[in-house]
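The structure appears below as structure tokens.
In the working numbering, the protein residues as written are 101 to 369.
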């Protein structure tokens, strides 16, 4: 707990002084953090779940007791992006998990655990451990060199993963179908080839004929609709014209009648 308080004091002191450089800069070349105060029941998966909220995790190492196989309450974790270590230290150092207070700090020079060699001796690992790196699903191996360029990988967390894989399978099935057809035609005789092309031509002609008849039907329908619309307009004009003429004639008759002419002066007196 003393270390936790000291780290928090350093952070608060730097904020008060407004220093331009952070103490985190000393560890800018390391993407590892140390985790202490872990509950003994926590597994590597649990630790990844807790710390992955601040970045992609590439490696996790929880030393275990050789006799019991249980974790020893501390571990090391590597992020894909070094800046994630700053977030983890600032946010998780001092946090309480299952009744225990976590201690999270930077690691300047992390050394990977040794491995047993073929002779049984413990030796330094030849490659960096990335046991928590997200699995990348690689599509099936290309059937030929021409397909090699089309091979691609899909992140398992990609929301479009299933769709992309389905599309990829459909494309490969279509290519395979076309290839099988070509293989079948490879051994056909000239007579069989001519007969196949003739059948193809007849199918195309039938399709074009059916299409032209369909277009004729559409054109005839449009013409009928046009004639019906024109007929309705004429009927509408025929109904409206006599009424307008009758109204104008009636107005003229009223204005020319003696009673209408005499009504004006009487009102003027």
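For each residue, glycine too, the CB sits at the ideal point set by N, CA and C.
Note that the structure is a prediction, hence the values are computed from the model and not measured.
At the level of alpha carbons, what is the spacing between residue 155 and residue 304?
Roughly 59 Å separates the two Cα atoms.
Looking at C-alpha atoms only, which residue of 212, 139, 179, 184 is the closest neighbour of residue 201?
For the residues 212, 139, 179, 184, the minimum Cα distance to residue 201 belongs to 139.
Less than 8 Å between the CB atoms is what I'm expecting for residue 232 and residue 157, so what's the real figure, rounded?
Contact holds; Cβ gap of about 5 Å.
Would you kindly work out how many angstroms separate the C-alpha atoms of residue 109 and residue 216, rounded to a whole number?
Going from the Cα of residue 109 to the Cα of residue 216 covers about 42 Å.
On the DSSP letters alone, give me the boundaries of the beta strand (DSSP E) that residue 147 sits inside.
Looking at the DSSP string, residue 147 is not in any beta strand (DSSP E); the run it does join, the alpha helix (DSSP H), is 144-151.
Below 8 Å on the Cβ atoms is my contact criterion, and I expect residue 192 with residue 151 to pass it. Report the Cβ-Cβ distance as a whole number of Å.
About 7 Å; that satisfies the 8 Å criterion.
Would you give the residue range spanned by the alpha helix (DSSP H) that residue 189 belongs to?
That run of the alpha helix (DSSP H) goes 183-192.
To the nearest angstrom, how far is it from the Cα of residue 268 to the Cα of residue 123?
The alpha-carbon atoms of residue 268 and residue 123 are separated by roughly 49 Å.
So if DSSP puts residue 206 in a beta bridge, which residue, or which two residues, is it bridged to?
Paired residue(s): 133.
For residue 161, name the three-state secondary structure that DSSP assigns.
Strand, per DSSP.
Residue 260 by DSSP, collapsed to three states: which one?
It is coil, neither helix nor strand.
Between the Cα of residue 131 and the Cα atoms of 141, 288, 159, 294, which residue gives the shortest distance?
That would be 159, whose Cα lies nearest to the Cα of residue 131.
Short check: CB of residue 223 to CB of residue 176, under 8 Å?
Their beta carbons are not under 8 Å apart, which means residue 223 does not touch residue 176 by this criterion.
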